[in-house]
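The following block contains the structure:
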């Protein structure tokens, strides 16, 4: 009986203890517990929020610059077709020159489009189909194509631009002392610049103009996500007494294209 009464007394005392107001120390401990929980939530949520704050730059790669450019070359060489635009800047007045082109190229090497040139002081835009090692042109004021030798005009065969062994992509692996530059957002793409130098023999072999003993500056624009080559900028002494620039832009990779001789 005494044990039962003693147990009831202890139970009543425990209930009174639970109803007692918290001491300042206990309240502080409670606040610290709640603060710790809130901090934990912030630490867990913050990384997720930072991932939504914009498109992050691609993760850095351990690939060397030379290997990166070789990988870009492989991507271009593997595409069935690509659209190419070439423009020029600072071409001296009075010289015969290829000023630009706009067309599509394929693998195996072929080209169909227009070539802009200055010949004997006259500007002309010429329709060109180059395939199977033969270049066909439709000259101004004519209605049919005729086969020509581009070397007679001091011009390159545009089909060669798409040759993996002799074309534009060989510039990627021929570049000396290449360095990785800045990234920039161009439309929806993140493009990284790579720059270096090219020996004149590479330039003259491709464009059929310039000095084989000179050194030319080159800049490549590479789309990080797809490894597509987007731009090539070549600057140097293409013509005597001047520093000129050719800029090539490549896009529309893999469009359905068929090129046949006219």
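Numbering (our numbering), first residue to last: 10 to 271. Positions of the beta carbon are idealized from the N, C-alpha and C atoms, including for glycine.
From residue 145 to residue 243, what distance separates their C-alpha atoms?
Distance between the alpha carbons of residue 145 and residue 243 is about 27 Å.
Please give the ranges of any beta strand (DSSP E) in the segment 145-203, keeping only runs that are unbroken, at least 3 residues long and fully inside the region.
Listed in chain order, the complete beta strand (DSSP E) runs (minimum 3 residues) inside the segment 145-203 are 155-157, 185-195.
Compute the beta-carbon to beta-carbon distance between residue 133 and residue 149, rounded to the nearest angstrom, for a pair I have assumed lies under 8 Å.
Their Cβ separation, rounded to whole angstroms, is 5 Å, which keeps residue 133 and residue 149 in contact under 8 Å.
Give me whichever residues DSSP pairs with residue 208 in a beta bridge.
According to DSSP, residue 208 bridges with 224.
May I ask you to report which of helix, strand or coil DSSP gives residue 102?
Of the three classes helix, strand and coil, the one that applies to residue 102 here is coil, per DSSP.
Using the Cα positions of residue 268 and residue 248, report the straight-line distance between them to the nearest angstrom.
Each residue's Cα considered, the two are about 33 Å apart.
Where does residue 241 fall in DSSP's three states?
Here residue 241 sits in strand by DSSP.
Might you give, ordered along the chain, the residues of its own chain that have their beta carbon closer than 6 Å to the beta carbon of residue 260, omitting 5 neighbours on each side?
For residue 260, where only same-chain residues beyond five positions count, the Cβ hits under 6 Å are 92.
Do residue 266 and residue 115 have their beta-carbon atoms positioned less than 8 Å apart in this structure?
Result yes, Cβ atoms of residue 115 and residue 266 sit closer than 8 Å.
On the premise that residue 103 lies in contact with residue 129, defined as a C-beta separation below 8 Å, what is that separation, rounded to the nearest angstrom?
The Cβ separation is near 10 Å, so there is no contact.
Rounded to whole angstroms, what is the Cα-Cα separation between residue 152 and residue 109?
Going by the C-alpha atoms only, they are around 22 Å apart.
Rounded to whole angstroms, what is the Cα-Cα separation between residue 210 and residue 168?
Cα-Cα distance, rounded: 19 Å.
Kindly indicate which three-state DSSP category residue 217 falls into: helix, strand or coil?
It is coil, neither helix nor strand.
What distance in whole Å lies between the Cβ atoms of residue 229 and residue 181, which are believed to be in contact at a cut-off of 8 Å?
About 7 Å; that satisfies the 8 Å criterion.
On the three-state DSSP scale, how would you describe residue 77?
Three-state DSSP puts residue 77 in a helix.
In chain order, what residues of the same chain lie with their CB nearer than 6 Å to the CB of residue 101, ignoring the 5 residues before and after it?
Within the same chain, residue 101 has close Cβ partners 248, 251.
Whole angstroms is fine: what's the gap from residue 263's alpha carbon to residue 237's?
Whole-angstrom Cα-Cα distance: 11 Å.
For the putative contact between residue 107 and residue 124, defined by C-beta atoms under 8 Å, what is the C-beta separation to the nearest angstrom?
Between residue 124 and residue 107 the Cβ distance is about 6 Å, and since that is below 8 Å, they are a contact.
Just the Cα atoms here: how many angstroms apart are residue 68 and residue 166?
Bear in mind that a pLDDT of 44 at residue 68, under 50, signals an unreliable position, so the number given afterwards is only what the model happens to contain. Between residue 68 and residue 166, the C-alpha separation is close to 39 Å.
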